[in-house]
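Trainee:
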Amino acid sequence: MLEVEKERISSGVEGLDKLLGGGYVSGRSILLAGGPGTGKSILTWHFIFQGLENGENAILLSLDQKTEMIIEDMKSFGWDPEPALNENRLIILSGDLRLIPRESGFEYIIAFDHPMLREQPFTVQRLADLVRRKAGENKAKRLIIDGLGPLIELGTNRFEMRQMVYGFLRELSAKDATVLITHELRTMSGTQNDEMPYFICDGVIRLGTLYTAGDYIRTLRVIKLRGANHSMRPVMFKINDSGIIVFPDARLPD
Ligand SMILES: Nc1ncnc2c1ncn2[C@@H]1O[C@H](COP(=O)(O)OP(=O)(O)O)[C@@H](O)[C@H]1O
Ligand SMILES: [Mg+2]
Numbered sequence: 001m002l003e004v005e006k007e008r009i010s011s012g013v014e015g016l017d018k019l020l021g022g023g024y025v026s027g028r029s030i031l032l033a034g035g036p037g038t039g040k041s042i043l044t045w046h047f048i049f050q051g052l053e054n055g056e057n058a059i060l061l062s063l064d065q066k067t068e069m070i071i072e073d074m075k076s077f078g079w080d081p082e083p084a085l086n087e088n089r090l091i092i093l094s095g096d097l098r099l100i101p102r103e104s105g106f107e108y109i110i111a112f113d114h115p116m117l118r119e120q121p122f123t124v125q126r127l128a129d130l131v132r133r134k135a136g137e138n139k140a141k142r143l144i145i146d147g148l149g150p151l152i153e154l155g156t157n158r159f160e161m162r163q164m165v166y167g168f169l170r171e172l173s174a175k176d177a178t179v180l181i182t183h184e185l186r187t188m189s190g191t192q193n194d195e196m197p198y199f200i201c202d203g204v205i206r207l208g209t210l211y212t213a214g215d216y217i218r219t220l221r222v223i224k225l226r227g228a229n230h231s232m233r234p235v236m237f238k239i240n241d242s243g244i245i246v247f248p249d250a251r252l253p254d
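The sequence shown: position 54 = 54 (the numbering used here), numbered continuously.
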């Protein structure tokens, strides 16, 4: 069979690039899945700042952290997003999921910082419009959706929601940008919604922790990467003041 080598784009983490066989697959979507605090957001920031250093613009859509908090946390790792934000090379859009009481019960809404979404009832379509417009503004090559959960929670009809989120992701991918999505796995998993992002993304990386020799270590595994060769081995990684370091060659304890 003819193997066509796909173009790769650096994740911003040397050890992860090695594990992936050169980086994420350019122009595709990759899901970072893991429990809370497993390093998903930090991993997306490596991708963002690696791009900015190389003249590639980015859009960060966060559905679980406020913009000010994101900026503050980025700075704590030594990244300063302000110059890129001022020049529109980096655009951060943030919103959070809220449960609003209605006469007939409760309704989920996503409360957004952006004026285009603040006043109106939130829809995935409207969010897609906003991202489309912003991507047109700064010609983003790297699109990040941090926290897919709230989008999935919104729907009363799972099938309909799946179609909408799928359409949204496909549209983003079609923009010739590489799309990074994070999804928080619940401790009590097993619902259909939890698994949905696994099928719709081209690549999946699982982040987690392992308890061994009286201590927790962080682990990462590339579960799938459509159209590319990669290692399936779980590897160890660390988080320190400069972010994430992946050790692709260190053997994990059995
Ligand atoms: N300076 C640091 N040194 C070591 N670990 C850190 C540091 N800053 C944050 N962390 C770890 O990173 C975690 C947060 O990572 P984050 O990417 O926000 O997780 P997620 O997005 O998966 O919830 C914290 O829970 C903490 O364990
Ligand atoms: Mg996060």
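Note that the Cβ used here is the ideal one computed from N, Cα and C, for glycine as well.
May I have the straight-line CA-CA distance separating L61 from E7, to the nearest angstrom?
Mentor: Cα to Cα, the separation comes out at about 25 Å.
Trainee: State whether the segment 62-80 contacts the segment 24-34, with contact taken as three or more CB pairs (one from each stretch) at a distance under 8 Å.
Mentor: The segment 62-80, when compared against the segment 24-34, does not touch it at the 8 Å Cβ threshold.
Trainee: Please find out if some non-hydrogen atom of ligand 1 comes closer than 7 Å to the beta-carbon of K40.
Mentor: Indeed, a heavy atom of ligand 1 lies less than 7 Å from the Cβ.
Trainee: For ligand 2, I want to know if D96 counts as a neighbour, meaning its beta carbon is within less than 7 Å of at least one of the ligand's heavy atoms.
Mentor: No, Cβ of D96 sits at least 7 Å from all heavy atoms of ligand 2.
Trainee: Expressed to the nearest angstrom, what Euclidean distance is found between the alpha-carbon atoms of L185 and V204?
Mentor: Approximately 13 Å, taken between the alpha carbons.
Trainee: For Q192, which three-state DSSP category applies?
Mentor: Note that Q192 has pLDDT 47, beneath the 50 cutoff, so the model's placement of it is unreliable and the number below is only indicative. Correct three-state label for Q192: helix.
Trainee: According to DSSP, is S76 helix, strand or coil?
Mentor: Note: S76 maps to helix in three-state DSSP.
Trainee: Starting from T44, trace the alpha helix (DSSP H) in both directions and tell me its first and last residue.
Mentor: Here the alpha helix (DSSP H) through T44 covers 40-53.
Trainee: Locate the beta strand (DSSP E) running through A58, then write down its first and last residues.
Mentor: Here the beta strand (DSSP E) through A58 covers 58-62.
Trainee: Smallest Cα separation from T178: which of I42, L143, E103?
Mentor: The shortest Cα separation from T178 among I42, L143, E103 belongs to L143.
Trainee: Quick one: does the C-beta of I181 sit closer than 7 Å to a heavy atom of ligand 1?
Mentor: It does not: the Cβ of I181 is nowhere closer than 7 Å to a heavy atom of ligand 1.
Trainee: Indicate whether T38 and G208 have their beta-carbon atoms separated by less than 8 Å.
Mentor: Against a cut-off of 8 Å, the Cβ pair of G208 and T38 comes out as a contact.
Trainee: Check this for me: beta carbons of I9 and I59, under 8 Å apart or not?
Mentor: Cβ distance not < 8 Å, so I9 and I59 don't count as in contact.
Trainee: Quick one: grab the DSSP three-state call for A135.
Mentor: The answer is helix: DSSP assigns A135 an H, G or I state.
Trainee: For K18, does the three-state DSSP call read helix, strand or coil?
Mentor: In the structure shown, K18 sits in a helix (DSSP, three-state: H, G or I).
Trainee: Taking the alpha-carbon positions, what's the I145 to K224 distance?
Mentor: About 19 Å.
Trainee: Following a CB-centred definition, is D17 positioned closer than 7 Å to any heavy atom of ligand 2?
Mentor: Outside the cutoff, so no.
Trainee: So is the beta-carbon of D146 under 7 Å away from any non-hydrogen atom of ligand 2?
Mentor: Yes, the beta carbon of D146 sits closer than 7 Å to at least one heavy atom of ligand 2.
Trainee: So is P197 buried or exposed if we call it buried at 16+ other beta carbons inside 10 Å?
Mentor: Buried.
Trainee: Buried or exposed: which applies to M69, given that a residue is buried once 16 or more other Cβ atoms fall within 10 Å of its Cβ?
Mentor: The residue is exposed, with fewer than 16 neighbouring Cβ atoms inside 10 Å.
Trainee: Comparing the CB of D73 with every heavy atom of ligand 2, is any distance shorter than 7 Å?
Mentor: No, the Cβ of D73 stays beyond 7 Å of every heavy atom of ligand 2.
Trainee: Assign Q125 to one of two classes, buried (16 or more other C-beta atoms within 10 Å of its C-beta) or exposed (fewer than that).
Mentor: By the 10 Å Cβ count, Q125 comes out exposed.
Trainee: What is the rounded straight-line gap between the Cα of N88 and the Cα of K75?
Mentor: Taking the straight line from one Cα to the other gives about 18 Å.
Trainee: What did DSSP end up calling T209 once you bin it into helix, strand or coil?
Mentor: Strand, per DSSP.
Trainee: Between the alpha carbons of L220 and L148, how many angstroms are there, rounded?
Mentor: Roughly 19 Å between the two C-alpha positions.
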